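Report on one structure; see the data block that follows.
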Amino acid sequence: MSTEPTTSKRQARTLNVGPRIGREKTTVRIMIVKYCKGHGHLGAGHTKAKVEEQGVCVECGELLAYAWKRLEHCRFGENKTTCGRCPVHCYKPDRRSEIKTVMRYAGPRMIWSHPLTTLRHMLDGLTSRPS
Ligand code: SF4
Ligand SMILES: [Zn+2]
């Protein structure tokens, strides 16, 4: 019997941790926080519980965790374009619909509250070439 270690067909991929992914994570967090607050999810009398560390309700926190996980496993890594311009789009249909709703709401508002982040995000979308 061989003593060689067996290789799994599905080898564990290392998570994306580069600056490009970091910027995307920041952008999506800002957008989801803006959406959550703008819709009063944490307001008085609202039943949604708060995810303390991110300052969002549980549902928005789940969407944020999902979006971050997709980024950490993004097949394009540091060469990715913005998710909105992605030729693949790896989100499940319901999550994709949710993030689109968030982006439609938060995108225009971010121009005023986070102009530099917005500009950088736009440049990332224009200059990146997924490969
Ligand atoms: S949508 Fe595209 S760019 Fe965004 S994480 Fe998924 S594969 Fe990567
Ligand atoms: Zn919320």
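When the letters of the sequence shown are read in order and numbered with the working numbering, they come out as residues 275 to 405.
Yeah, the Cβ is synthetic: ideal placement off N, Cα and C, and Gly gets one too.
Computed from a predicted model, the values in this text were never measured in an experiment.
Contacting residues, own chain, Cβ-Cβ under 8 Å from residue i (five flanking each side not counted)
i	result
residue 349	362 and 364
residue 300	391
N- and C-terminal bounds of the alpha helix (DSSP H) containing residue i
i	result
residue 347	Residue 347 -> no alpha helix (DSSP H), and no H or E assigned at all.
residue 403	Premise fails: residue 403 is in no alpha helix (DSSP H) and is neither H nor E.
residue 297	293–312
Residue i to residue j span [Cα, whole Å]
i	j	result
residue 376	residue 394	19 Å
residue 298	residue 345	8 Å
residue 351	residue 341	14 Å
residue 316	residue 326	11 Å
residue 389	residue 372	24 Å
residue 397	residue 324	33 Å
Cut-off 7 Å between Cβ atoms - residues of its own chain near residue i, not counting five sequence neighbours on either side
i	result
residue 312	379
residue 291	none
residue 383	308
residue 306	330, 334, 337, 338 and 376
Whole-number beta carbon distance between residue j and residue i, since they are thought to touch under 8 Å
i	j	result
residue 310	residue 332	Their Cβ separation, rounded to whole angstroms, is 10 Å, which puts residue 310 and residue 332 out of contact at 8 Å.
residue 303	residue 337	11 Å between Cβ atoms; not a contact.
residue 374	residue 294	Their Cβ separation, rounded to whole angstroms, is 22 Å, which puts residue 374 and residue 294 out of contact at 8 Å.
residue 399	residue 356	4 Å
Contact with chain B by residue i, beta-carbon distance below 8 Å
i	result
residue 401	Chain labels in this structure do not include chain B; a single protein chain is all it has.
Contact test: residue i Cβ vs ligand 4 heavy atom, cutoff 7 Å
i	result
residue 333	For the structure depicted, ligand 4 is absent and the ligand set comprises only ligand 1 and ligand 2.
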